[in-house]
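Residue numbers (the working numbering), protein chains in the order written: chain A, 320 to 744; chain B, 3 to 310.
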C-alpha cells in the first residue's frame, strides 16, 4: 500500500497542514512532514473533508444494470467525494431478503471504490402489506441497519408502527418516503401555480407533511428512531422543528436538487426535471436551506436516481422520476451554503455516518483515524457535461450549468479511489 | 408569424387578430360550390392522434384538404405506436417523411412541446392532456366576435370542470390577450389552485353560477365527465346539474344578447339541458363550422401562405 503525503491542505477549513496517509490510516498530521517513501500530493489551496457519506443512493443493481451498476455508481460516488453510500432497496428483485442485500454488499466490496451499505426494504416487495425479514437482513453479512421502502411510502399506520418498534431490537432505523398515496394519485409535479398552468396533476405539499406529522407521533409513541427521506417543503420543516423540540428521535435529509431547483423547471416539459418528491417553490427552498444550517434538517443526501435515456426522453407523464446527484452534490452544497466547511462536513459526512452507523466514516482526518477523506478544490469551477459523468445514465438536471468546486482526490481506507480528478479504477 | 401553435398564449394580439381575420376569409370558401383553395398544394399535414377524437381530427382534415394539402392520418390505434414506439421515434419518422405540419392530439400534457423539439415542421397542438387546446380557443373567439361584433371588453363565464379542461386554459390565455374578462365558475374541487396567477391576472373565480349569469356576454359550458364523481369532485351527477348545469330558467337570467357556447361533445342533462343547447342563443353548431375556418387559417399562416 503506497503511502501518500498530502502537503499544504486545509483540513475542514483550518490553516494549511500536511497529512501522511499510511497503512489505511492518517499516520501523522502537522506542518513540514516528510516521508521519503511516500507519494507527495501538492494540496495547496485544497480542503480536506472527511469522506462524504450518502444516506440515499439508487445503484439499480440488480435489475436495471443498463441504468447503473454497483460499480458505475460507486465510481460516480468516489468522483463526487464519497467514501460510503447507502444503497436503496427498490431494485429488481427488491432488497427485501438477506440474499439480495448480501449480493449488493458483495458487489460493493468487489468494486472497491466506496463502502456500499445496503438498505433493506421495510415490506416484502415494497408492497406495503407485510414486513420483510428485517432481522435476517440485520444479521446478514451486510449488517443492514437502515430500512426503507423508498419510492413508496409505508402508508399503513399500523405497519409503520410495527416496523418502527421491531427494528429497536437491533438499533435499526426506518427511513420513510413521506408521501400519502391517496393525495398523490397520478401526481406529476408540485401542486401550485405552475402545475395549474401546465395542466399536470399536482403533488400537494400536505401529502408529505401529513405523513411526517403522523410518523413523528408514531416514533414518539414507541420510542423509535425515524429518518425522513428527501424533505421538500417548508411545512415539513416546521413539523420536524416541533418534533425535535419535543425530543422525538427523528432525523431528516434534503437533496441537493431541492435546495437549488424550483418547479418552474417543469415549464420545459423536459422530464429530466421530474423527481419524487417534486421540485417545489422558492419559499420552500429558502426554508430548507435555513433548516439545513440550523440543524432541523440533519443531512444532505443525494437521492441519486439514474434512469435510462428511454425512460426520460419521452412525455413528462410517462417518464420515471429521479435525477443524478452523486457527482454534483458537493458543488451544489458549496453553491448553496458557501465555503462553510465545518457545516458541509457535518451535513454530508459526520452526521450521515452516525445515522447509518458506519464506523470509520464521518471522522475528520487526524492521526490514527481511518483515511477516508476527500480533497476539494474550492476555487475550481466546472461546466457539467452529462456525457462526461461516470454514471451509466445521463439524467442530470445541471447539464451545462457552471458549478463551483471540484473533487481532486478521494481516499478509501488509505487507498486513492480518485486522483487528479479521475477515478483510479 | 409564429412557428408552432402550442398554447393559447402563443399568438399576441396582432397575430391572434390576423388568424381571426384570415379565418373570416376562409369562411367564404365554405359557401362556394368548389370548397377548395390551392394555397397548400404540395405541402404535407400529418394528423397525429394518440386519443380518439373524431370531431377534432375531421375538422383539421377538412381544413387541410380545403387548402389542397396532402393529409396523412396517423392514429395511435393499429400503428407502430401500439407496439410501443416512442414519441421521439414517431417524430423522427414523420420528419423523414417530410411533414410540413404535425397536428397532434395526445393524452399527456406537454407532448406537443416535446414533439416540437424533434421535428422541423410546425406543430399544432390539437389538445394535450389536461393542458391546452389552442385552436378550440381561437374558434371560440371567432364565434364570439361573429355573434357579438367584438372581443375587447366582453365578459365570458367558463363553467364546469376547469381543473381538467384544456379548453378552459387556452380560452383564458387567448381571451386575456384579446381584452376580454373571464370568470371561471365551478365547484371549488374543480377549480385549480392559483388559477389567476398561473394564467392571466384579472381572471375571476366564482362558485355561484346564478350570481354570475346576469353579468356576462358569453357563457361557455364545459363537458363534465361523469367519472369525476367517482373521485369525489362532486357527490352526484344530479347535484352537479342542479348547482352548475345550465337549464332554461338559468339561461333566462342572462342578458338578452348573451350567447351560450359548448366545445362539445355535450352531456345533455348534465352540464346543459336540451332546451338550452337547441335554443337560438346556442352557438354550438356554428362553433363546429367555424372550427374548420379557423384551422384553415392556422395551417395557412403557420405554413407561410401569403396570398389567398
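Cβ atoms here follow ideal geometry from the backbone N, Cα and C, with glycine treated the same way.
Since this is a predicted model, take the numbers as computed values, not measurements.
Where residue i sits in the DSSP three-state scheme
i, result
"residue 380 of chain B", "Any answer about residue 380 of chain B is impossible in this case: the structure gives chain B only from 3 up to 310."
"residue 310 of chain B", "For residue 310 of chain B, the predicted structure reports a pLDDT of 46, less than 50, and the residue's modelled location is therefore unreliable. The matter cannot be settled from this model."
"residue 106 of chain B", "strand"
"residue 595 of chain A", "coil"
"residue 584 of chain A", "helix"
"residue 702 of chain A", "strand"
"residue 444 of chain A", "helix"
"residue 46 of chain B", "strand"
"residue 40 of chain B", "coil"
Distance, residue j Cα to residue i Cα
i, j, result
"residue 280 of chain B", "residue 261 of chain B", "12 Å"
"residue 34 of chain B", "residue 299 of chain B", "17 Å"
"residue 437 of chain A", "residue 571 of chain A", "19 Å"
"residue 330 of chain A", "residue 685 of chain A", "9 Å"
"residue 385 of chain A", "residue 14 of chain B", "46 Å"
"residue 616 of chain A", "residue 532 of chain A", "15 Å"
"residue 153 of chain B", "residue 380 of chain A", "60 Å"
"residue 26 of chain B", "residue 168 of chain B", "24 Å"
"residue 613 of chain A", "residue 499 of chain A", "27 Å"
"residue 309 of chain B", "residue 21 of chain B", "Model confidence at residue 309 of chain B stands at a pLDDT of 45, short of 50, so the residue's coordinates are unreliable; what they give is reported in the following sentence. Looking at the two C-alpha atoms, the distance is approximately 14 Å."
"residue 335 of chain A", "residue 345 of chain A", "16 Å"
"residue 596 of chain A", "residue 514 of chain A", "14 Å"
"residue 338 of chain A", "residue 347 of chain A", "6 Å"
"residue 129 of chain B", "residue 62 of chain B", "12 Å"
"residue 794 of chain A", "residue 635 of chain A", "Here chain A has residues from 320 to 744 only, and residue 794 of chain A is not among them."
"residue 356 of chain A", "residue 322 of chain A", "7 Å"
"residue 698 of chain A", "residue 649 of chain A", "13 Å"
"residue 433 of chain A", "residue 393 of chain A", "6 Å"
"residue 41 of chain B", "residue 3 of chain B", "17 Å"
Cβ of residue i within 9 Å of any chain B Cβ
i, result
"residue 589 of chain A", "yes"
"residue 422 of chain A", "no"
"residue 515 of chain A", "yes"
"residue 502 of chain A", "no"
"residue 520 of chain A", "yes"
"residue 511 of chain A", "yes"
"residue 637 of chain A", "yes"
"residue 629 of chain A", "yes"
"residue 632 of chain A", "yes"
"residue 462 of chain A", "no"
"residue 561 of chain A", "no"
"residue 507 of chain A", "yes"
Identified DSSP bridge partners for residue i
i, result
"residue 277 of chain A", "In the structure displayed, chain A extends from 320 to 744; residue 277 of chain A sits before or after that span and is not available."
"residue 405 of chain A", "A/436"
"residue 20 of chain B", "Paired residue(s): none; residue 20 of chain B is not in a bridge."
"residue 742 of chain A", "A/737"
"residue 349 of chain A", "A/337"
"residue 236 of chain B", "None; residue 236 of chain B has no bridge partner."
"residue 185 of chain B", "B/159 and B/206"
"residue 689 of chain A", "A/344"
Own chain, CB closer than 6 Å to residue i, minus 5 neighbours either side, in chain order
i, result
"residue 676 of chain A", "464"
"residue 555 of chain A", "527, 528 and 531"
Cutoff 9 Å: residue i Cβ touching any chain A Cβ
i, result
"residue 103 of chain B", "no"
"residue 6 of chain B", "no"
"residue 310 of chain B", "Residue confidence for residue 310 of chain B is low, a pLDDT of 46 falling below 50, so the modelled location carries little weight; the figure read from the coordinates is stated next. No, residue 310 of chain B lies away from the interface with chain A (no Cβ there is under 9 Å from its Cβ)."
"residue 98 of chain B", "no"
"residue 88 of chain B", "yes"
"residue 139 of chain B", "no"
"residue 184 of chain B", "no"
"residue 10 of chain B", "no"
"residue 294 of chain B", "no"
"residue 53 of chain B", "no"
"residue 196 of chain B", "yes"
Close-in-space but distant-in-sequence residues of the same chain around residue i (CB under 8 Å, 5 per side omitted)
i, result
"residue 174 of chain B", "10, 160, 184, 186, 197, 201, 202 and 205"
"residue 343 of chain A", "320, 689, 690, 732, 733 and 734"
"residue 275 of chain B", "247, 248, 249 and 250"
"residue 704 of chain A", "718 and 719"
"residue 579 of chain A", "604, 651, 654 and 655"
7 Å Cβ shell around residue i - same chain, five flanking residues per side excluded
i, result
"residue 38 of chain B", "68 and 70"
"residue 448 of chain A", "442"
"residue 471 of chain A", "445, 447 and 496"
"residue 288 of chain B", "145"
Any C-beta of chain E under 9 Å from that of residue i
i, result
"residue 131 of chain B", "Included in the structure are the protein chains A and B, with no chain E among them."
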